[in-house]
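Some notes on the structure that comes next.
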Amino acid sequence: MSNHSLYRGNLTAIVLQMLETNGRMYGYEITQKVKEKTNGSLEIKEGALYPILHKLEADNYLNVEIEKVGKRTRKYYKITEAGEKERVSQLEAIREYMATMEQIFNPKWSY
Numbered sequence: 135m136s137n138h139s140l141y142r143g144n145l146t147a148i149v150l151q152m153l154e155t156n157g158r159m160y161g162y163e164i165t166q167k168v169k170e171k172t173n174g175s176l177e178i179k180e181g182a183l184y185p186i187l188h189k190l191e192a193d194n195y196l197n198v199e200i201e202k203v204g205k206r207t208r209k210y211y212k213i214t215e216a217g218e219k220e221r222v223s224q225l226e227a228i229r230e231y232m233a234t235m236e237q238i239f240n241p242k243w244s245y
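Residue numbers (my numbering): 135 to 245.
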């Protein structure tokens, strides 16, 4: 993941958005989808992703399903109704932040 604090501060929203858009996913799949969607400009490292997934699960924003795939056990994450509400809330906060930054950096193009 980029070291930029703006990305780190929005990791929860990014994860929730990926799960809302793509349905249930496992951790590595989330990292690859984010990388694909951003043309490689944003790479989420597992060390950053899994603590977020565990917190979202603890907060009941995610359901977890464990499946055996070949010889491996895979943990799938799926957004809950509470997680969807949190995703919407985070998205609104990001939009407000972007509008404020736009006013500061480019007032001619403000929303």
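Every residue gets a Cβ at the ideal spot worked out from N, C-alpha and C, and that includes glycine.
Being a predicted model, the structure only gives us computed values, none of them experimental.
What separation, rounded to the nearest whole angstrom, lies between the Cα atoms of residue i and residue j?
{"i": "Ala227", "j": "Asp193", "result": "19 Å"}
{"i": "Val168", "j": "Met152", "result": "8 Å"}
{"i": "Asn137", "j": "Ile148", "result": "Because Asn137 sits at a pLDDT of 48, beneath the cut-off of 50, its placement in the model cannot be relied upon, and the following sentence gives the value as read from the coordinates. Cα to Cα, Asn137 sits roughly 15 Å from Ile148."}
{"i": "Ile213", "j": "Ala233", "result": "27 Å"}
{"i": "Glu177", "j": "Ser223", "result": "24 Å"}
{"i": "Tyr231", "j": "Ile238", "result": "11 Å"}
{"i": "Leu145", "j": "Gly204", "result": "30 Å"}
{"i": "Lys202", "j": "Arg229", "result": "39 Å"}
{"i": "Leu183", "j": "Gly174", "result": "16 Å"}
Give the DSSP bridge partners of residue i, in chain order.
{"i": "Met251", "result": "Since the first residue shown for the chain is 135 and the last is 245, residue 251 is missing from the structure and cannot be characterised."}
{"i": "Ile200", "result": "Lys209"}
Out of the options, point me to the one whose CA is closest to residue i's CA.
{"i": "Tyr162", "options": "Arg221, Glu236, Leu187, Phe239", "result": "Leu187"}
{"i": "Tyr195", "options": "Asn144, Arg206, Arg221, Val203", "result": "Arg221"}
{"i": "Gly181", "options": "Val198, Thr165, Pro241, Met235", "result": "Thr165"}
Taking the alpha helix (DSSP H) that residue i falls in, what are its first and last residues?
{"i": "Asn156", "result": "145 to 156"}
{"i": "Thr165", "result": "161 to 171"}
{"i": "Ile186", "result": "180 to 192"}
Given a cut-off of 8 Å, decide if residue j and residue i are closer than it, judged by their beta-carbon atoms.
{"i": "Arg158", "j": "Tyr211", "result": "yes"}
{"i": "Asn160", "j": "Arg208", "result": "Strictly speaking, residue 160 in this sequence is Tyr, with Asn absent from that position. Taking 8 Å as the Cβ cut-off, Tyr160 and Arg208 qualify as a contacting pair."}
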